[in-house]
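Below is one structure, written out as structure tokens; the observations come after it.
Residue numbers (the numbering used here): 60 to 211.
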């Protein structure tokens, strides 16, 4: 199986131990827009499907050619042809998430991963994962340390 992977990552993430897959009822705040995770998946899937089915026009005739999906479906290398079974797109964006049972909004990064299957582009798989920012916990011992430093 050959996988083409395009990374549209605008932030580096090294928080693999803090990955939280989002449930369908979790709420995501992107800028000023709020979405249930299930609705966000639907909107991403709809946009991807619409764009993949657009046709690429031939520059010399301005006639519609193959769809963008078909264009990436088969890669020709000299006499060899590679049929792609899956194309993955990844995007990371700042967000806030409100999870069921949580005490409020939590800041972090949202990883959106889209897997497009060449066998049936209508069965795209969309994964939403949340990478929370690390919270700094308050420890009263720091007050004592500051007092000692201030006295000296």
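Even for Gly, the Cβ is constructed at its ideal location relative to N, Cα and C.
{"Asked": "If you run the structure through DSSP and keep just helix, strand and coil, what is residue 143?", "Found": "coil"}
{"Asked": "Specify whether the segment 83–95 and the segment 150–162 touch according to this definition: at least 3 beta carbon pairs, one from each stretch, less than 8 Å apart.", "Found": "yes"}
{"Asked": "Looking at residue 102 and residue 187, is the spacing between their C-beta atoms short of 9 Å?", "Found": "no"}
{"Asked": "Sort out for me which residues DSSP pairs residue 135 with in a bridge.", "Found": "140"}
{"Asked": "Specify the secondary structure class of residue 89 as computed by DSSP and reduced to three states.", "Found": "strand"}
{"Asked": "Could you have a look at residue 107 and say whether DSSP puts it in helix, strand or coil?", "Found": "helix"}
{"Asked": "Apart from the five residues on each side of it in sequence, which residues of its chain come closer than 6 Å, Cβ to Cβ, to residue 172?", "Found": "149 and 186"}
{"Asked": "Whole-angstrom Cβ separation of residue 145 and residue 114, contact assumed at under 8 Å?", "Found": "Residue 145 to residue 114, Cβ: 22 Å. No contact."}
{"Asked": "Cβ of residue 127 within 9 Å of Cβ of residue 111?", "Found": "yes"}
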